[in-house]
Amino acid sequence: MRKVLIANRGEIARRIAKTCRGQGIGVVAVYSEADEDLPFVKEADEAVCIGPAPVAQSYLNIEAILKAAKDSGADAVHPGYGLLSENATFARRVKEEGFVFIGPHPEVVDRMGDKVTARRVMEEAGVPVVPGTVGGVDTLEEAAEEADRIGYPVMLKASAGGGGIGMHVLDSEQELQKAFSSAQGRSKAYFGDGKLFLERFIPSPRHVEVQVLADSRGNTVHLFERECSIQRRNQKVVEESLSPSISGDTRHRLHEAAVKAARAVGYTGAGTVEFLVDPDENFYFLEMNTRLQVEHPATEMITGLDLVALQLDVAAGEELPFDQTEVQAAGHAIEFRIYAEDPVRYLPSPGTIHRFSVPRGEGVRVDAGVEEGNQVTPYYDPMIAKCIVAGKDREEALARSRKALASFEVEGIRSNLPLHREILDHPDFIRGQYDTAFLERINRKE
1 MRKVLIANRG EIARRIAKTC RGQGIGVVAV YSEADEDLPF VKEADEAVCI GPAPVAQSYL
61 NIEAILKAAK DSGADAVHPG YGLLSENATF ARRVKEEGFV FIGPHPEVVD RMGDKVTARR
121 VMEEAGVPVV PGTVGGVDTL EEAAEEADRI GYPVMLKASA GGGGIGMHVL DSEQELQKAF
181 SSAQGRSKAY FGDGKLFLER FIPSPRHVEV QVLADSRGNT VHLFERECSI QRRNQKVVEE
241 SLSPSISGDT RHRLHEAAVK AARAVGYTGA GTVEFLVDPD ENFYFLEMNT RLQVEHPATE
301 MITGLDLVAL QLDVAAGEEL PFDQTEVQAA GHAIEFRIYA EDPVRYLPSP GTIHRFSVPR
361 GEGVRVDAGV EEGNQVTPYY DPMIAKCIVA GKDREEALAR SRKALASFEV EGIRSNLPLH
421 REILDHPDFI RGQYDTAFLE RINRKE
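Laid out in structure tokens, this is it:
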């Protein structure tokens with residue numbers, strides 16, 4: 001592998017490029033007209049403009065990206081996360097054009113991208129799933145019948161969706177009647193597929209995911225779990241590894257289930273199996289992310305592994321350089337997503353960054369997509385950086401996190417740094433006893 005085109009932008013494009021350069025691999029960046037001045041463009045060996053600011057005309061333009069790969073002489077494509085990273089059509093086209101796709105096989109992306117199919121595959125593999133519909137529901141009548149069978153409250157979800165888009169928690173058939181058509185419309189608008197499905201609503205759940213890694217020789221390992229329950233609008237805000245509350249037995253069973261899930265679909269590369277964990281520590285398969293996760297640095301901090309480097313190696317056909325017994329977790333790591341947004345209402349805050357001063361020190365890592373003077377536009381996800389802090393244990397990681405976030409400065413736009421500082425001082429977070437409704441309770445000041 002001599003030259004990799006990174007089909008992404010911002011922080012993750014910059015992070016992937018760092019590992020590529022460290023391995024002597026050339027980097028090709030693709031960018032929209034709105035991103036011309038961002039660091040990931042300036043730091044690349046080559047950069048190709050692929051269109052105007054709107055994602056449909058640039059970062060989701062498959063043909064423009066493939067043309068950039070051909071014209072630059074790249075021999076591999078890394079999709080990063082978000083955008084086209086879990087688009088099976090893109091993965092297939094990359095391979096058809098003769099490039100290495102740094103990710104799983106397109107068929108795997110396809111199967112895991114449809115939540116109804118993914119549920120069925122996991123059930124067949126013996127991985128616990130939330131009670132729900134066997135297939136999708138196309139009509140309100142079907143949905144009402146399935147909801148009665150499952151039992152209220154239920155969650156109505158888009159089969160092809162993610163990020164909480166079109167998701168509804170429903171307590172009665174009356175609520176289902178009100179929500180069904182809008183959920184179906186949003187699913188069609190966002191994902192091009194109106195198929196919905198229902199699951200039993202799990203009260204007070206925790207969101208715990210397991211990092212998996214597999215090569216093309218059949219070797220599959222887990223790299224421990226991450227706690228992702230601090231969320232706003234079903235989008236993660238804080239992640240930590242290891243989970244601060246689950247028992248050793250639950251942890252072991254989660255890891256086993258994740259490896260079983262990856263093997264069941266013939267997974268290769270880095271991926272994540274996500275679970276809901278109820279208050280009694282019963283856990284259920286939620287979805288599989290067939291890509292690198294935003295929060296992968298938390299795993300890197302406790303294992304000492306470079307997940308991007310391992311992705312590159314696996315994509316090149318190499319065998320994993322270790323087995324499960326050789327993977328060790330040392331200490332504790334917490335990742336804070338720094339968003340350009342109002343910290344209370346969660347509304348984007350575009351504008352020019354006049355000051356951007358990141359913390360430094362032992363156990364502190366900042367992956368940033370911006371620098372002072374850069375413009376944050378309204379076209380893309382508002383995350384501008386990630387602050388990852390590690391310590392020998394969770395107590396030290398918390399202490400270092402308070403110091404790091406106190407010195408993190410962003411001016412010219414609003415950011416969610418005040419929210420992170422509030423989270424760090426909250427008794428429930430300090431104890432590690434929180435669920436996915438944590439931020440909702442903070443906002444209500446309960």
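278 is the number that the UniProt record's numbering gives to position 278 of the sequence shown; each next residue is one higher, with no gaps. Even glycine gets a Cβ: it sits at the ideal position worked out from N, Cα and C. These numbers come from a predicted model, not from an experiment.
- A contact is defined here as three or more CB-CB pairs under 8 Å, and the segment 175-185 meets this definition with respect to the segment 131-146.
- Where Asp-367 is concerned, the enclosing beta strand (DSSP E) starts and stops at 364-368.
- Leu-424 and Ala-68 have their C-alpha atoms roughly 44 Å apart.
- Between the segment 71-86 and the segment 222-238 there are fewer than three inter-stretch CB-CB distances shorter than 8 Å, so the stretches are not counted as touching.
- The alpha-carbon separation between Phe-40 and Glu-173 amounts to approximately 49 Å.
- Taking C-beta separations shorter than 6 Å and ignoring five residues to either side along the sequence, the partners of Glu-274 in its chain run Glu-209, Leu-286 and Glu-287, following chain order.
- For Asn-443, the enclosing alpha helix (DSSP H) stretches over residues 438-443.
- Counting C-beta atoms within 10 angstroms of its own C-beta, Ala-56 has fewer than 16 neighbours from the protein chains shown and is therefore classed as exposed.
- Ranked by Cα distance from Val-27, the options Thr-19, Ala-13, Glu-33 and Ala-44 are led by Ala-44.
- Shown here for Cys-20: same chain residues with a beta carbon closer than 7 Å to its own, the five before and five after excluded, namely Val-4 and Val-27 in chain order.
- In this chain, the alpha helix (DSSP H) harbouring Met-122 covers 115-125.
- Here the C-alpha atom of Ser-349 lies approximately 16 Å from the C-alpha atom of Gly-369.
- For His-252, the three-state secondary structure derived from DSSP is helix.
- Taking one beta carbon from each stretch, the segment 407-427 and the segment 340-359 have 3 or more pairs nearer than 8 Å; the two touch.
- In this structure, DSSP gives Gly-22 a helical state, which the three-state scheme calls helix.
- With the rule of 3 Cβ pairs closer than 8 Å, the segment 84-95 does not count as touching the segment 256-273.
- Taking Ala-399 as reference, the option from Val-376, Glu-362, Gln-375 and Ile-384 with the minimal CA-CA separation is Glu-362.
- Distance from the CA atom of Pro-52 to the CA atom of Gln-375, rounded to whole angstroms, is 15 Å.
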